[in-house]
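In what follows, a single structure is set out as structure tokens and then discussed.
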Amino acid sequence: MPDDGEVRALARRIEVIEAVEAIKKMKYRYWRACDAKDPDGFRRCFIARGASIDYGRLGRHDDVEPILRIYRDIALRKVNGQYVVHDMHHGFHPDIELVGPGEATGRWTLRMRQIDIERGTETVMAGEYDDRYVIEDGDWKHSQCHFRVLWSISRPIGPEVTILGSNGQCVSGL
Numbered sequence: 001m002p003d004d005g006e007v008r009a010l011a012r013r014i015e016v017i018e019a020v021e022a023i024k025k026m027k028y029r030y031w032r033a034c035d036a037k038d039p040d041g042f043r044r045c046f047i048a049r050g051a052s053i054d055y056g057r058l059g060r061h062d063d064v065e066p067i068l069r070i071y072r073d074i075a076l077r078k079v080n081g082q083y084v085v086h087d088m089h090h091g092f093h094p095d096i097e098l099v100g101p102g103e104a105t106g107r108w109t110l111r112m113r114q115i116d117i118e119r120g121t122e123t124v125m126a127g128e129y130d131d132r133y134v135i136e137d138g139d140w141k142h143s144q145c146h147f148r149v150l151w152s153i154s155r156p157i158g159p160e161v162t163i164l165g166s167n168g169q170c171v172s173g174l
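With the UniProt record's numbering as the guide, the letters of the sequence shown map in order to residues 1 to 174.
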């Protein structure tokens with residue numbers, strides 16, 4: 001029979017595993033919101049006020065609201081009733097560490113593919129996230145989200161390429 005110390009140690013290990021899994025789920029919701037053009041879902045992944053945001057060329061901000069406006073301007077822009085930009089975020093290699101009660105750090109690798117119909121380009125990018133998380137209102141949220149591009153390649157999409165949306169309709173050739 002385990003003693004009290006072993007039971008407490010096991011309970012702590014379970015708490016850590018559950019916290020790490022909750023943080024992973026939040027980060028995956030964040031990327032899904034980016035790809036699904038869901039600004040409310042994007043916003044819910046950040047603390048109410050004072051998040052440190054650094055998205056490189058998209059700017060540094062001391063709150064999520066400025067980057068949320070940029071996100072809306074880019075992701076939700078339409079021409080002729082069609083979205084101009086289509087994103088695919090794939091995040092992996094999570095390295096999450098609890099650093100105190102209700103506080104954690106995280107590093108992630110991102111592979112992103114973006115189609116810009118208006119510019120006629122496809123961009124593929126690899127980068128790294130350096131995050132901090134806190135529990136707010138019972139949920140893990142970003143208090144810091146810094147992204148650094150490792151490399152990217154952008155190439156033209158020729159007229160011979162057909163891009164289909166989720167409904168099967170052609171979205172290329174605005």
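Beta carbons: idealized from backbone N, C-alpha and C, even for Gly.
It should be emphasised that the depicted structure is a prediction, and the values quoted were computed from it without experimental measurement.
Tyr55 and Cys145: beta carbons closer than 9 Å?
Along the sequence shown, read from residue 1 onward, the residue named residue 55 stands at position 55. Along the sequence shown, read from residue 1 onward, the residue named residue 145 stands at position 145. Result yes, Cβ atoms of Tyr55 and Cys145 sit closer than 9 Å.
Taking buried to mean at least 16 other C-beta atoms within 10 Å of its own C-beta, is Asp73 buried or exposed?
One-based indexing of the sequence shown puts residue 73 at position 73. It is exposed - the Cβ of Asp73 has fewer than 16 other Cβ atoms within 10 Å.
Is Val64 closer than 9 Å to Phe46 when the C-beta atoms are compared?
Indexing the sequence shown from 1 puts residue 46 at position 46. Indexing the sequence shown from 1 puts residue 64 at position 64. For Phe46 and Val64, yes; Cβs fall inside 9 Å.
Could you tell me whether any non-hydrogen atom of the ligand MG is closer than 8 Å to the CB of Lys37?
Absence of the ligand MG is noted for the structure shown, with no ligands found whatsoever.
Could you tell me if Asp131 is buried or exposed, where buried requires 16 or more neighbouring beta carbons within 10 angstroms of its beta carbon?
The sequence position of residue 131 within the sequence shown is 131, counting from 1. Answer is buried; the Cβ neighbour count reaches 16.
Between which two residues does the beta strand (DSSP E) carrying Ile53 extend?
Here the question's residue 53 lines up with position 53 in the sequence shown. From DSSP, the beta strand (DSSP E) with Ile53 extends over 52–54.
Are the beta-carbon atoms belonging to Asp95 and Gly106 less than 9 Å from one another?
Against the sequence shown, residue 95 aligns to sequence position 95. Against the sequence shown, residue 106 aligns to sequence position 106. Yes, the Cβ-Cβ distance between Asp95 and Gly106 is below 9 Å.
If we count Cβ pairs, one from each stretch, closer than 8 Å, do we get three or more for the segment 96–104 versus the segment 32–47?
no
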